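Number of protein chains: 2
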Amino acid sequence: MDFSDYVPSVSVDCVVFGFHQNQLKVLMLKLKHLNLWALPGGFIENNQSATIAADKVLKDRTGLEGIYQQQFHVFTDPERSQTSHIEQLISNDVLDKDVLGWFKNRFISIGYYALVEYSKVNKPEPDFLSEKCQWVSLDELPELMLDHEEIIKRAYVRLNQDLYQKPVGINLLPEKFTMPELQALYETILQKKIDRRNFRRKILSLNIIIDTKEKRMGSNNRAPIVYKFDKTKYHQVLKEGYHINLF
Amino acid sequence: MDFSDYVPSVSVDCVVFGFHQNQLKVLMLKLKHLNLWALPGGFIENNQSATIAADKVLKDRTGLEGIYQQQFHVFTDPERSQTSHIEQLISNDVLDKDVLGWFKNRFISIGYYALVEYSKVNKPEPDFLSEKCQWVSLDELPELMLDHEEIIKRAYVRLNQDLYQKPVGINLLPEKFTMPELQALYETILQKKIDRRNFRRKILSLNIIIDTKEKRMGSNNRAPIVYKFDKTKYHQVLKEGYHINLF
DNA sequence: TCAAAAGTGTTCGTGGTACACCCATGG
DNA sequence: CCATGGGTGTACCACGAACACTTTTGA
């Protein structure tokens with residue numbers, strides 16, 4: 001029994017969603033000297049839980065802390081580890097060739113998704129392997145490293161499912177927002193049109209948003225009411241989930 | 001940068017649920033020479049995905065194959081690894097002392113839950129660390145190794161949640177079953193009473209079970225209809241989930 | 001005063017909830 | 001023929017779906 005057979009390297013990959021111009025965006029890294037993009041990620045250090053590691057990844061790339069992150073899947077397919085990209089990075093002196101042995105090792109990755117407010121991420125920071133860090137539209141993904149495309153797909157599927165059980169928005173939207181803005185977010189994530197009036201009633205019935213008594217002026221039509229989230233009730237509902245009627 | 005810091009050992013732990021005498025049971029292992037129980041688990045071998053590893057664990061302990069297993073969480077708390085149990089196993093000659101270094105390593109564990117038919121598990125097999133393998137009632141758990149109690153709790157919470165989106169039963173019940181039996185299963189998992197007549201209508205409306213035209217004779221009252229699952233439709237519904245009405 | 005889009009209200013139908021009633025079986 | 005528990009039917013109500021009307025804003 002050779003124990004070294006059972007020691008894969010474990011990393012954390014974060015699918016960071018933002019919402020801008022009625023599009024869902026994902027934060028991605030462009031690798032140095034390669035025409036490839038990657039998800040922000042990192043290794044789990046000693047005495048760190050995966051959650052802490054994921055929080056650190058998010059902090060390092062966006063500067064944001066205390067953001068809602070959700071572990072959604074572990075990717076363990078032995079075929080997912082490929083060294084070809086690494087070898088190219090080494091031949092371009094981005095990585096030292098000593099590390100090849102390490103990267104030849106088996107990798108498994110814990111997938112997290114995070115929801116952040118687009119406007120709060122001013123200057124996303126690339127890491128040492130990448131030349132830039134920026135938002136990429138979900139439906140215009142470039143060529144991605146390893147199985148990162150599948151990771152994003154699964155994160156999106158999970159986000160979609162979670163939306164039917166938990167509220168979403170407190171991190172994706174600015175502090176103050178209007179009903180049409182919240183609706184646009186839901187329509188984007190669910191990829192379907194929702195009736196204005198029914199949406200309004202449904203959301204209000206959840207009691208998670210508060211009328212600020214302000215109105216958003218400036219546009220050529222009736223000024224919509226400005227709302228903010230009731231953080232206490234929001235997190236309560238987030239924790240308990242909706243009470244779905246099945247029996 | 002010491003890469004060896006980032007190399008935890010990765011195991012798979014399976015929470016195997018069975019249903020017997022209107023109780024949810026979990027398959028557990030009694031450790032040799034210790035007054036401790038553990039979940040069936042194993043390491044992920046080279047060229048194995050976690051799913052395959054979990055299937056192997058299930059096969060080795062129960063003999064069953066092709067069972068529905070669901071990855072539900074990864075446990076990465078650094079505090080979860082303790083060597084005290086291992087040291088006791090070594091001092092009792094169950095384990096060779098060479099392996100202590102290995103077990104001093106950091107562990108993370110991928111949690112799966114499985115649903116199996118109680119009666120199909122005739123002789124559950126202990127592994128080399130344990131003296132017996134048997135069903136334990138969920139509400140009478142003995143003292144458990146490491147964080148296995150939390151793993152079970154979380155598996156149960158997830159199963160409970162999943163029940164509101166997916167059907168359950170095809171693996172937990174025998175091939176042929178009656179409506180009251182199915183209802184007892186649901187009531188046990190959801191821990192609440194369900195109205196007989198409404199349950200019946202709801203289940204039938206899902207179109208996942210078929211009337212076998214048989215009746216279960218022998219009891220002192222009207223003989224209930226015997227049903228079986230429509231495997232095609234069942235797995236279809238399992239994959240798609242219920243369409244919950246939210247927008 | 002007009003177009004655009006937001007706020008308010010109404011109707012309808014499906015499906016969940018809460019029941020009452022009848023029917024088969026073994027003792 | 002009777003107790004027990006399973007099968008069938010119905011009335012009610014909440015909530016989602018579809019839709020019409022009024023109000024506010026800037027040009």
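Residue numbers (the UniProt record's numbering), protein chains in the order written: chain A, 1 to 247; chain B, 1 to 247.
From the three backbone atoms N, C-alpha and C, an ideal C-beta is built for every residue, glycine too.
Model, not experiment: these values are computed from the prediction.
| Is any beta-carbon of chain B found at less than 7 Å from that of A:Asp77? | yes
| said: Helix, strand or coil for B:Val74? Go by DSSP, reduced to three states. | reply: strand
| task | Report the partner residues of B:Asn211 according to the DSSP bridge assignment. | result | Checking the displayed sequence, the identity of residue 211 of chain B turns out to be Asp instead of Asn. Bridge partners of B:Asp211: B:Tyr227.
| request: Give the interface partners of A:His148 over in chain B, defined as CB-CB distance under 7 Å, in chain order. | output: Residues of chain B passing the Cβ test: none, with the nearest at roughly 17 Å.
| query | Taking the continuous alpha helix (DSSP H) assigned at B:Gln165, which residues delimit it? | reply | From DSSP, B:Gln165 is part of no alpha helix (DSSP H); its letter is neither H nor E.
| message | Taking CB distances under 7 Å as the criterion, tell me whether B:Ser49 reaches chain A. | response | yes
| request: Could you name the residues of chain B that residue 266 of chain A contacts, counting a contact when the two beta carbons are closer than 9 Å? | output: Beyond the ends of chain A as shown, which are 1 and 247, falls residue 266 of chain A; an answer cannot be given.
| message | Taking the straight line between their C-alpha atoms, what separation do you get for A:Pro78 and A:Ile44? | response | 19 Å
| request: Grab the span of the beta strand (DSSP E) containing A:Leu31 for me, first residue to last. | output: 23–31
| request: Assign B:Ser4 to one of three DSSP states: helix, strand, or coil. | output: Note that B:Ser4 has pLDDT 47, beneath the 50 cutoff, so the model's placement of it is unreliable and the number below is only indicative. Three-state result, B:Ser4: helix.
| said: Against chain A, does B:Ile110 count as a neighbour if the rule is that its beta carbon must be under 7 Å from one of theirs? | reply: yes
| If you draw a straight line from the alpha carbon of B:Leu27 to that of B:Gly18, how long is it in whole angstroms? | 8 Å
| task | Could you pull out every residue in the same chain whose Cβ sits closer than 7 Å to the Cβ of A:Phe75, ignoring the five residues on either side in sequence? | result | Ile108, Ser109, Gly111, Asp147, Ile151
| query | Going by C-alpha distance, which of B:Ser9, B:Gln71, B:Met217 is nearest B:Arg154? | reply | B:Gln71
| request: Take B:Pro124 as the anchor and find which of B:Glu117, B:Cys133, B:Tyr186, B:Val116 has the nearest alpha-carbon. | output: B:Cys133
| field | Expected contact under 8 Å - CB spacing of B:Ser156 and B:Leu115 to nearest Å | value | Looking at the sequence shown, residue 156 of chain B is not Ser but Tyr. Actually they do not touch by this definition, with Cβ atoms about 12 Å apart.
| said: Is there a Cβ of chain B sitting closer than 7 Å to that of A:Val157, yes or no? | reply: no
| request: Output the boundary residues of the beta strand (DSSP E) element that contains B:Asp13. | output: 9–20
| query | So what's B:Glu65 in DSSP terms, helix, strand or just coil? | reply | coil
| Would you report the Cα separation of A:Glu117 and A:Val237, rounded to the nearest angstrom? | 20 Å
| Reduced DSSP category for B:Ile189 - H, G, I as helix; E, B as strand; rest coil | helix
| Residue-level contact to chain B via CB, A:Val12, 7 Å cutoff | no
| task | Determine the DSSP secondary structure at A:Ser81, reduced to helix, strand or coil. | result | coil
| said: Any beta carbon of chain A sitting closer than 7 Å to that of B:Val26? | reply: no
| query | Counting contacts by CB-CB distance shorter than 7 Å, is A:Val226 in contact with chain B? | reply | no
| Taking just the CA atoms, how far does B:Gly218 sit from B:Tyr22? | Before going on, a small fix: residue 22 of chain B reads as Asn here, not Tyr. The straight-line gap from Cα to Cα measures roughly 19 Å.
| Since A:Val168 meets chain B, which of its residues come closer than 8 Å, beta carbon to beta carbon? | Near A:Val168 there are no residues of chain B at all, since even the closest Cβ is about 11 Å away, more than 8 Å.
| query | What did DSSP end up calling A:Phe128 once you bin it into helix, strand or coil? | reply | coil
| said: Counting C-beta neighbours from all protein chains within 10 Å, is the total for B:Ser137 16 or more, i.e. buried, or is it exposed? | reply: exposed
| said: Output needed in chain order: residues of the region 58–69 of chain A with a Cβ under 7 Å from some Cβ in chain B. | reply: none
| Run through DSSP, which three-state label would A:Tyr242 get? | coil
| What residues in its chain sit with their C-beta under 8 Å from that of B:Glu214, if we drop five residues either side in the sequence? | Lys176, Ile225, Val226
| field | A:Ser119, enclosing beta strand (DSSP E) - first and last residue | value | No beta strand (DSSP E) contains A:Ser119, which DSSP labels as neither H nor E.
| query | Measuring CB to CB, does B:Leu31 end up less than 7 Å from B:Leu129? | reply | yes
| Contacts of B:Val74 in chain A (Cβ-Cβ under 7 Å) | Ala50, Gln71, Val74, Ile110
| Neighbourhood of A:Asp211 by C-beta distance below 7 Å, restricted to the same chain and skipping five residues each side | Ile225, Tyr227
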